[in-house]
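Chains as they are written, first to last, in this note's numbering: chain A, 1 to 186; chain B, 187 to 261.
Using N, Cα and C, we set each Cβ at its ideal position, and we do this for glycine too.
Below is one structure; the comments refer to it alone.
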Amino acid sequence: MKETVNEFWLKISSNRFYKRLLKEPFTYVTGAVLLAVFATAHLAVFSKGWGVTSAFADWGAWLYRLAGGNVDQWAYFSSEKAQKTLSSGFLNDGGSIRNLGIILGALAATLFASEFKLKKIKSKKQVVAAVLGGLLMGYGARLANGCNIGALFTAIASLSLSGWIFGLFLLVGAFIGSKLLAKFFM
Amino acid sequence: MAEFTLDCMGEACPVPLMRTEKKMTELNVGDVLVVAIDHSCAMKNVPEWARKQGHNVEIEEVDDGEWEVVIEKVK
Chain A
1 MKETVNEFWL KISSNRFYKR LLKEPFTYVT GAVLLAVFAT AHLAVFSKGW GVTSAFADWG
61 AWLYRLAGGN VDQWAYFSSE KAQKTLSSGF LNDGGSIRNL GIILGALAAT LFASEFKLKK
121 IKSKKQVVAA VLGGLLMGYG ARLANGCNIG ALFTAIASLS LSGWIFGLFL LVGAFIGSKL
181 LAKFFM
Chain B
187 MAEFTLDCMG EACPVPLMRT EKKMTELNVG DVLVVAIDHS CAMKNVPEWA RKQGHNVEIE
247 EVDDGEWEVV IEKVK
């Protein structure tokens, strides 16, 4: 019985459709075409461009509330719309569900490819860099009113000049970041 | 014909690629470098870079989410 099961999985893992669709990474062109199709569909269905990080700010507000805090007086959440999103909760917020979908989808993809692995933390330096990097990215995304999806990808696709300006400074940041990376991690 | 190893387990892009580039300069022609990685995007960009440099490259999947990129320096 065990051998037939093994044989079954071996057969699947050598199947060319499995390899092309689930195992091997898509080419850049395939990825670009899929992104274009889904971004257009997103705009058509929700009448709103695709974004990621503004929902994370709401997640932060909800967590802060769970810990007993209150964001009602914060300028960032002062608009009626922001208050409505916060009061109707996680399950009624499309952006939050979409982000959850990205995380679960990524998990499913790595499981389908049989590449799931819990990675060990190599050094304290790595932890510090990850925490600092995460905070900087989150803070920067709020200041810039979007991340590389909302403020770059969606903005450029919507023919907005702001996307190109964001892209220019993204390159400046990446340049400085790569210098820091070489300094601290090489 | 020496063989070198580079442990990049637990390291995210672009660190494995940067370390591989640096390590390859220390190798002589004919030497082999085995880079151990567990970050799937490094499994794409490390071989891509090495092939562009003209080296011989082989990728081995050693376990779920773990690869060894074997690079033979040819010039």
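Three or more Cβ pairs drawn from the segment 50–69 of chain A and the segment 133–147 of chain A lie within less than 8 Å of each other, which places the two stretches in contact.
Taking every protein chain shown into account, the CB of tryptophan 9 (chain A) has fewer than 16 other CB atoms within 10 angstroms, so this residue is exposed. In this structure the segment 27–40 of chain A does not touch the segment 70–90 of chain A; the number of beta carbon pairs closer than 8 Å is below three.
In this structure the segment 225–232 of chain B lies against the segment 193–206 of chain B, because at least three pairs of beta carbons, one per stretch, are closer than 8 Å. No Cβ of chain B is located within less than 8 Å of the beta carbon of methionine 137 (chain A).
Using beta-carbon distances, methionine 195 (chain B) counts as an interface residue toward chain A, with a partner under 8 Å. Contact of glutamate 252 (chain B) with chain A is assigned, a C-beta pair being separated by under 8 Å.
Within its own chain, the residues whose Cβ lies closer than 8 Å to the Cβ of lysine 48 (chain A), once the five positions on either side in sequence are excluded, are His42, listed in chain order.
Rounded to whole angstroms, phenylalanine 112 (chain A) and valine 127 (chain A) show a C-alpha spacing of 28 Å. Burial state of threonine 154 (chain A) is buried, judged by a 10 Å Cβ sphere holding 16 or more other Cβ atoms.
Annotation for alanine 113 (chain A): no beta strand (DSSP E) segment contains it, and DSSP assigns it neither H nor E.
Counting only residues of its own chain and dropping the five nearest sequence neighbours on each side, glutamate 246 (chain B) has a CB closer than 6 Å to the CB of Glu254. Boundaries of the alpha helix (DSSP H) harbouring isoleucine 156 (chain A): 154–157, taken from the DSSP string. One Cα belongs to serine 88 (chain A), the other to valine 45 (chain A), and the distance between them is close to 21 Å. Rounded to the nearest angstrom, the Cβ distance from leucine 86 (chain A) to phenylalanine 77 (chain A) is 6 Å, consistent with a contact under 8 Å. Counting along the chain, the unbroken beta strand (DSSP E) around valine 220 (chain B) starts and ends at 218–223.
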